[in-house]
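Each remark here refers to the structure printed beneath this line.
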Amino acid sequence: MDSIDPWLDPDIPAHDAPPERFRLRNETDLVALVVTTLGFHPTESIVMVCVDEAGRMFQARCDLAPSAVHVRGVVDSLLDAGARNGGRTTFLVTFTADERRSRQHLRATSRALRAAGCSVAMRLRVHDGRWFPASGQPSSATRGGVAFDLTAHPLMARMVLRGEVMLADRDALVHTLDPAPGPEADAVAAALVELGELDADDTGALLGEAEWLGRVLGEAPETWAPATVARVLRAVRIGNVRDVALHAVDRPSAAFWVRVWRRVVRLAPAHAVAAPAALLGFAAWGEGDGALAWCGVERALEVDPAHSLARLVADLLVHAVPPDALERLAALDPPGPAKRARPA
Numbered sequence: 002m003d004s005i006d007p008w009l010d011p012d013i014p015a016h017d018a019p020p021e022r023f024r025l026r027n028e029t030d031l032v033a034l035v036v037t038t039l040g041f042h043p044t045e046s047i048v049m050v051c052v053d054e055a056g057r058m059f060q061a062r063c064d065l066a067p068s069a070v071h072v073r074g075v076v077d078s079l080l081d082a083g084a085r086n087g088g089r090t091t092f093l094v095t096f097t098a099d100e101r102r103s104r105q106h107l108r109a110t111s112r113a114l115r116a117a118g119c120s121v122a123m124r125l126r127v128h129d130g131r132w133f134p135a136s137g138q139p140s141s142a143t144r145g146g147v148a149f150d151l152t153a154h155p156l157m158a159r160m161v162l163r164g165e166v167m168l169a170d171r172d173a174l175v176h177t178l179d180p181a182p183g184p185e186a187d188a189v190a191a192a193l194v195e196l197g198e199l200d201a202d203d204t205g206a207l208l209g210e211a212e213w214l215g216r217v218l219g220e221a222p223e224t225w226a227p228a229t230v231a232r233v234l235r236a237v238r239i240g241n242v243r244d245v246a247l248h249a250v251d252r253p254s255a256a257f258w259v260r261v262w263r264r265v266v267r268l269a270p271a272h273a274v275a276a277p278a279a280l281l282g283f284a285a286w287g288e289g290d291g292a293l294a295w296c297g298v299e300r301a302l303e304v305d306p307a308h309s310l311a312r313l314v315a316d317l318l319v320h321a322v323p324p325d326a327l328e329r330l331a332a333l334d335p336p337g338p339a340k341r342a343r344p345a
């Protein structure tokens, strides 16, 4: 993959149904499902919600194409994502003020999905707190859009109970990875300078560092001191050492590692952020949070456009590889430090 075009790459936020059984009753429920699964209010986007034969939910978001000639690229991206994840019944929602642009995307995507054997159960356009039907002729009650309020919706209540915050838009999600101001980040930067670089040709030193990383990953990583964060940053810059952290991630622990690597990303000096950002992206993909995974990938590639792990995670996301595949990767876990790194 030579480049990443954001409007072609689907955010893959979930491959599982909501944690408790949820019955989709109406259009407002669909909007609530989309935004709570993403964790933010999308703008200038098309979202596809798929349900497979087992009743599992899968969702993908793409930026709307920048022009009509590029709509086919968005359609192909969503179609590929749905096919790889077994979608049979689909729901489509655009988030835009532009009715014509919405119609182009919804019609083209619907035709492609039906040609592939998927049913399209509902199509909506959402803008400024209103949903607009995009199938058939609108009634007098829906012609001007139907106002909705998600503040008291059960899915929003679940977010609150889980301690999650609904973000305003995708930019707000990106900003959750902004550098953390204050003395802790300063201490990490100073400790990293004092440590110096690892010798990538010193096999003995690298083995020792991998053993150390395996141990420290199992020692309350969410509260690492600045000196430990600095040494971790130095260690994960070496691919073979970084793999110890990579193999620590499985589906049950992915959310834990998202919290760990998000903190490390925010504490890392700019020149050292690529590796932890890529690890964050991998953990977020494993958790099923494609939007955050893309944020990690983009942050890593800003610093190192050739970063191998970031490119790998980008490929997983572009090709809509479901997070369930992480279980197969976990089965290949090596013995030793990587295996011991998982939290209890």
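In terms of my numbering, the sequence shown opens at residue 2 and continues consecutively. Each residue gets a CB set at the ideal place from its N, CA and C atoms; glycine is no exception.
At a threshold of 6 Å, does residue i count as lining the ligand FAD (C-beta to nearest heavy atom)?
i, result
"Phe149", "No copy of the ligand FAD occurs in the structure displayed, which carries no ligand at all."
Mapping DSSP to helix, strand and coil, what is residue i?
i, result
"Pro222", "helix"
"Val127", "strand"
"Ser103", "helix"
"Asp17", "Low local confidence applies: a pLDDT of 46 at Asp17 is under 50, so the model's placement there is unreliable, and no value is given."
"Asp12", "strand"
"Ala307", "coil"
"Val121", "strand"
"Pro399", "This structure leaves residue 399 out entirely; the chain is present only between 2 and 345."
"Phe283", "helix"
"Ala148", "strand"
"Leu199", "coil"
"Phe41", "strand"
"Leu25", "coil"
"Pro344", "Note on Pro344: pLDDT 38, under 50, position unreliable in the model; the coordinate value appears next. Coil, per DSSP."
Under 7 Å, do residue i and residue j count as touching if we go by C-beta distance?
i, j, result
"Thr193", "Leu234", "Per the sequence shown, residue 193 should be read as Leu rather than Thr. Yes, they are a contact pair."
"Ile239", "Ala275", "no"
"Val50", "Phe23", "no"
"Ala188", "Pro227", "yes"
"Val250", "Trp258", "yes"
"Val245", "Gly205", "no"
"Cys119", "Gly88", "yes"
"Leu174", "Ala292", "yes"
"Ala116", "Val76", "no"
"Gly287", "Pro323", "no"
"Pro222", "Val261", "yes"
"Leu79", "Thr44", "no"
"Leu178", "Arg62", "no"
"Ala273", "Gly297", "no"
"Met160", "Thr37", "yes"
"Arg263", "Ala181", "no"
"Val166", "Val127", "no"
"Val319", "Phe283", "no"
"Asp99", "Trp295", "no"
"Gly130", "Ala148", "yes"
"His42", "Asp150", "no"
"Arg85", "Ala285", "no"
"Arg232", "Glu328", "no"
Taking the beta strand (DSSP E) that residue i belongs to, which residues open and close that run?
i, result
"Leu386", "Residue 386 cannot be examined here, being either before or after the span of the chain that is shown, 2 to 345."
"Asp64", "58-64"
"Cys51", "46-52"
Could you give the distance in angstroms between the alpha-carbon of residue i and the alpha-carbon of residue j?
i, j, result
"Ala326", "Ala255", "13 Å"
"Ala280", "Ala271", "Ala is not the amino acid found at residue 280; the sequence shown has Leu there. Rounded to whole angstroms, Leu280 to Ala271 spans 15 Å at the Cα level."
"Thr229", "Ser46", "40 Å"
"Leu208", "Val242", "8 Å"
"Ala211", "Ala236", "8 Å"
"His106", "Leu162", "35 Å"
"Thr97", "Ala66", "12 Å"
"Gly40", "Glu198", "38 Å"
"Ala158", "Asp316", "34 Å"
"Val48", "Ala269", "33 Å"
"Met58", "Asp290", "13 Å"
"Gly145", "Arg124", "16 Å"
"Ala191", "Trp132", "51 Å"
"Asp53", "Thr90", "7 Å"
"Gly1", "Ser309", "Not covered by the structure: residue 1. The range shown for the chain is 2 to 345."
"Asn27", "Val35", "13 Å"
"Leu302", "Leu247", "18 Å"
"Val70", "Arg101", "14 Å"
"Leu196", "Leu168", "37 Å"
"Ala311", "Thr224", "25 Å"
"Glu220", "Trp213", "11 Å"
Can you tell me where the alpha helix (DSSP H) holding residue i begins and where it ends?
i, result
"His176", "171-176"
"Pro227", "227-237"
"Gly83", "72-85"
"Met160", "155-162"
"Arg243", "240-247"
"Val261", "255-268"
Margin query: Contact between the segment 142-155 and the segment 103-123 is defined here as three or more beta-carbon pairs at a separation below 8 Å; is this criterion met?
Written below: With a cut-off of 8 Å, the segment 103-123 and the segment 142-155 do not count as touching, because too few Cβ pairs lie within range.
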